[in-house]
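**Student:** There's a structure below that I have some questions on.
2 protein chains.
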Amino acid sequence: MRLTTKGRYAVTAMLDLALHSDQGPVSLSDISNRQGISLSYLEQLFSKLRKKLLVTSVRGPGGGYRLSRSNEDIFVAQIVDAVNESVDATGCKGRSDCQSGNTCLTHHLWCDLSDQIHDFLSQISLAQLVSRNDVRQVADRQNIESRQGGADSHMISAAIID
Amino acid sequence: MRLTTKGRYAVTAMLDLALHSDQGPVSLSDISNRQGISLSYLEQLFSKLRKKLLVTSVRGPGGGYRLSRSNEDIFVAQIVDAVNESVDATGCKGRSDCQSGNTCLTHHLWCDLSDQIHDFLSQISLAQLVSRNDVRQVADRQNIESRQGGADSHMISAAIID
DNA sequence: GTAATAACCTACTAAATTAGTCGGGTAAAT
DNA sequence: ATTTACCCGACTAATTTAGTAGGTTATTAC
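So the protein lines, in turn, are chains S and A. Take 571 as the starting number for the first sequence in the working numbering and just add one per residue. Take 571 as the starting number for the second sequence in the working numbering and just add one per residue.
This is the structure in structure tokens:
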């Protein structure tokens, strides 16, 4: 089971895309600025997201990425699966060969847990996240920050206050 | 969020302990043989389990480890917490400082997921696992194997068959 | 057509973590 | 006294993460 920044970044970036989808294609440098994620790293993640048909790209000036389908039809589990290989909690990827060829004592427990996590993340769509209050609040803050010049501008103000 | 072999080994070992608790203290070398986990690695894990008061130790010949309380009062979440630091899915460990001091866009989502996982694993006791059919079947196989001489004896038989 | 933009691609790298190993101790039973 | 088995710290190889670097290709604006 691995859920690290890779999966978290991917979901955050996709949510950013969903939040700004009314403004035409969103460039990775915009996402990088707003979310504080390295541009090159985003490129790697979006390469995978594109191959899994979650986004489409538009090249050239004014280009960027778009969600390949509606907000409501993209689920967190799909995004995490696209960049992590899976949210599998077993060590044997469900093959039941965890103890040198045989099923280990706790195999079924980890299968149950995997199902639990997958079900949970499969039920949450980008549309649901967009409409959440906590998400809207953070998004509003980020929009103000990025208009003032970059994701870390609050750090500078903090330094000035000090 | 990390759930790797460390946590899985710990739960497997604790379940082995629960399954053989009627036979007095269980030595780590017994667990190592039955479960195919390195002895030195088990020692590290049990050092943490002991510090978290999940097991008690008996030194000297015939010694080993015992569960510190009843089957029914030890839960999978406690075991995983004892060896991993936590099953937290956020990157900021709940501190809400995920984006250079501020809350990141998906912070609350990962909090919800963490709660979900923790609730699930908190409800499963060792006693419940011991009474599961899938666990009993694997345990029976392991008992036969270990009487025949080690956890990997089936590998040898397989080699002979080849 | 040229310059700018931004996607696309491959390869490399530093840091962290995992999953161990190794070599010694120390307490208790025979 | 010797064996058993817990206890402890340091070390290590392999893997993964997170990010960098340096380019190429497609598209738009001038």
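Virtual Cβ for every residue (Gly too), placed ideally from N, Cα, C. Because the structure is a prediction, the values reported are computed rather than measured.
(1) For a quick check, are the C-beta atoms of A:L691 and A:V650 less than 8 Å apart?
(2) Would you verify that the beta carbon of S:A588 is, or is not, closer than 8 Å to some beta carbon of chain A?
(3) Between S:F690 and chain A, is the shortest Cβ-Cβ distance under 8 Å, so that the two count as touching?
(4) What residues are listed by DSSP as bridge partners for A:Q707?
(5) Taking only beta-carbon positions, decide if S:T626 is within less than 8 Å of chain A.
(6) Look at the alpha carbon of A:G577 and the alpha carbon of S:D658, and state the distance between them as a whole number of angstroms.
(7) Please confirm whether S:A652 and S:L612 have their CB atoms less than 8 Å apart.
(8) Output, in chain order, the set of chain S residues within a Cβ distance shorter than 8 Å of A:V581.
(9) Between A:T575 and chain S, is any beta-carbon pair separated by less than 8 Å?
(10) Looking only at DSSP bridge pairs, what is S:F645 linked to?
(11) Any chance you could list the alpha helix (DSSP H) runs of at least 4 consecutive residues sitting entirely within the stretch 593-647 of chain A, in chain order?
(12) Which residue comes first and which comes last in the alpha helix (DSSP H) that contains S:G577?
(13) Check the Cβ-Cβ distances between A:V700 and every residue of chain S, and say whether any is below 8 Å.
(14) Is A:S701 buried or exposed, if buried means 16 or more other CB atoms sit within 10 Å of its CB?
(15) For A:A697, which residues in the same chain have their Cβ closer than 6 Å to its Cβ, ignoring the five residues on either side in sequence?
(16) Three-state secondary structure (DSSP) at A:N764?
(17) Which term fits A:P780, buried or exposed, when burial requires 16 or more other beta carbons within 10 angstroms of its beta carbon?
(18) Given that S:G661 touches chain A, what residues does it touch there, using C-beta distances under 7 Å?
(19) On the three-pair Cβ rule with 8 Å, is the stretch 667-674 of chain A touching the stretch 598-607 of chain S?
(20) Who are the Cβ neighbours of A:G632 in its own chain at under 8 Å, not counting the five residues just before and after it?
(21) By alpha-carbon positions, which one of A:Q686, A:K663, A:L675 and A:Q707 ends up nearest to S:T676?
(22) For A:G606, go through chain S and note every residue whose CB falls closer than 7 Å to its CB, in chain order.
(23) Could you check if S:L585 is buried or exposed, using at least 16 other CB atoms within 10 Å of its CB as the buried criterion?
(24) Tell me whether the beta-carbon of A:Y635 lies closer than 8 Å to the beta-carbon of A:L587.
(25) Is the CB-CB distance between A:S599 and A:L609 below 8 Å?
(26) Using a Cβ-Cβ distance cut-off of 8 Å, determine whether S:A697 contacts chain A.
(27) Per DSSP, S:Q743 forms a beta bridge with which residues?
(28) Give the residues from the stretch 702-715 of chain A that approach chain S closer than 8 Å (Cβ to any Cβ), ordered along the chain.
**Tutor:** On the basis of the data shown:
(1) Yes, Cβ-Cβ distance for A:L691 and A:V650 is below 8 Å.
(2) no
(3) yes
(4) Its beta-bridge partners do not exist; DSSP assigns none.
(5) No, no contact with chain A.
(6) 14 Å
(7) No. Outside cutoff.
(8) Chain order gives the chain S residues near A:V581 as T676 and L679, where near means a beta carbon separation below 8 Å.
(9) At least one chain S Cβ lies under 8 Å of A:T575.
(10) S:S695
(11) 598-605 and 609-621
(12) T575 to L589
(13) no
(14) exposed
(15) Listed in chain order, the non-local C-beta contacts of A:A697 below 6 Å within the same chain comprise N641 and E642, local neighbours out to five positions each way being set aside.
(16) Past the edges of chain A, shown from 571 to 732, lies residue 764 of chain A, and the structure says nothing about it.
(17) Limits of chain A in this structure are 571 at one end and 732 at the other, which puts residue 780 of chain A out of reach.
(18) Within chain A, the residues whose beta carbon sits less than 7 Å from that of S:G661 are T575 and R578, listed in sequence order.
(19) The way I'd put it, the stretch 667-674 of chain A does touch the stretch 598-607 of chain S; three or more beta-carbon pairs between them come closer than 8 Å.
(20) G594 and P595
(21) Nearest option by C-alpha distance: A:Q707.
(22) The answer, in chain order, is Q669 and S670.
(23) S:L585 should be labelled buried.
(24) yes
(25) yes
(26) Not an interface residue.
(27) Lying before the first or after the last residue shown, residue 743 of chain S is absent from chain S, which here runs from 571 to 732.
(28) R702, D704, V705, V708, A709, R711 and Q712
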